[in-house]
Amino acid sequence: MTKLGIIGAMQVEVETLLGQMEDRTSLEKAGSTFYEGTLSGLPVVVVRCGVGKVNAALCVQILCDCFGVTHIVNTGVAGSLCPELDIGDMVISRDAMYHDFDCGVISPDYQVGQVPGFDTVAFPADEALIAYAFAAGESVNPGHTTIGRIASGDQFVCRREQKQAIVELTQALCTEMEGAGTAQTAFRNQVPFVIIRAISDKADDSAQMDYPTFEQIAAHRCAQVTASLARQLKLAQNS
Ligand code: ADE
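Here's what the structure looks like:
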């Protein structure tokens, strides 16, 4: 039976989902509250993990170990890394990688983003979840959903040169702070995942102004897409 783990960094990214849940119970673990219940009849566990890769990773591990989730979705906001993606647009992860992980000095075989012990630079999202998430994105914001790479790091990106360097390193569509931590942990646990993000800013010198203005709109839109994904998973389970 499907049990969907839903992880968002901040309250604004999970609050509408928490409001829509039914039969909700909660459990405290490692400083986060895990809410278990249903969304459109689908068993889910929703958690606000806090900002950054470590917070995301440890909450995903708890979702796997203590709640036995079968699938994981990371929902939230992101900075756009390409001119085609405007504020409010949706990105669905094809894969996710770190833009701030670099062991190249140890061995030239290590590419930027590559974690020693893994033979891949980017962690691939689950094909079926990508398809469901894309359909969900299109249902909420038609014509404004793109599938591609997401780049994560423990940095709020808000300078043009910083953005340019990340684009060159990763060729990602957007940047945020939890996706690749979620992806690596899900990958190690062999749990299928997808990252769904709504653009809140352009990750350049305009980001400090735009982010506070658009954070809530983007976060709530992304949660709406995540709720739609849960509905579709439930329907697929019934058919
Ligand atoms: N989340 C939303 N916007 C971001 C940015 N510009 N950098 C990192 N994380 C973000």
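Heads up, this note's numbering is the position in the sequence shown plus 1249, with the first residue counted as 1. Using N, Cα and C, we set each Cβ at its ideal position, and we do this for glycine too.
Nearest neighbour of residue i, chosen from the options [CA to CA]
i	options	result
N1304	P1365, L1266 and G1428	G1428
R1470	A1385, A1377, N1438 and K1483	A1385
V1370	H1348, C1331 and I1444	H1348
D1459	A1479, D1358, C1407 and S1401	C1407
G1299	I1321, Q1260, E1464 and M1270	Q1260
D1454	I1444, V1474 and Q1411	Q1411
A1447	G1430, L1288 and L1330	L1330
G1328	T1475, A1435, Q1413 and V1474	Q1413
K1302	T1434, I1466 and T1475	T1434
A1345	R1437, A1374 and K1483	A1374
Residue i (DSSP reduced to helix, strand or coil)
i	result
H1320	strand
E1333	coil
G1215	Nothing can be reported for residue 1215: it is not among the residues displayed for the chain, which extend from 1250 to 1488.
I1379	helix
G1257	strand
V1406	coil
T1251	coil
V1364	coil
S1356	coil
For residue i, the residue or residues it bridges with in DSSP
i	result
T1424	G1328 and A1400
P1373	D1344
G1446	The sequence given here places Arg at residue 1446; Gly does not occur at that position. For R1446, which the question treats as bridged, DSSP gives the partners G1325 and V1340.
F1283	L1276 and V1296
T1395	V1340
L1312	Looking at the DSSP assignment, L1312 forms no beta bridge with any residue, so it has no partner.
L1291	L1288
E1271	T1287
Proximity test, residue i beta-carbon vs ligand 1 heavy atom, cut-off 7 Å
i	result
C1407	yes
S1455	no
D1450	yes
T1424	yes
Y1460	yes
A1429	no
A1414	no
V1326	yes
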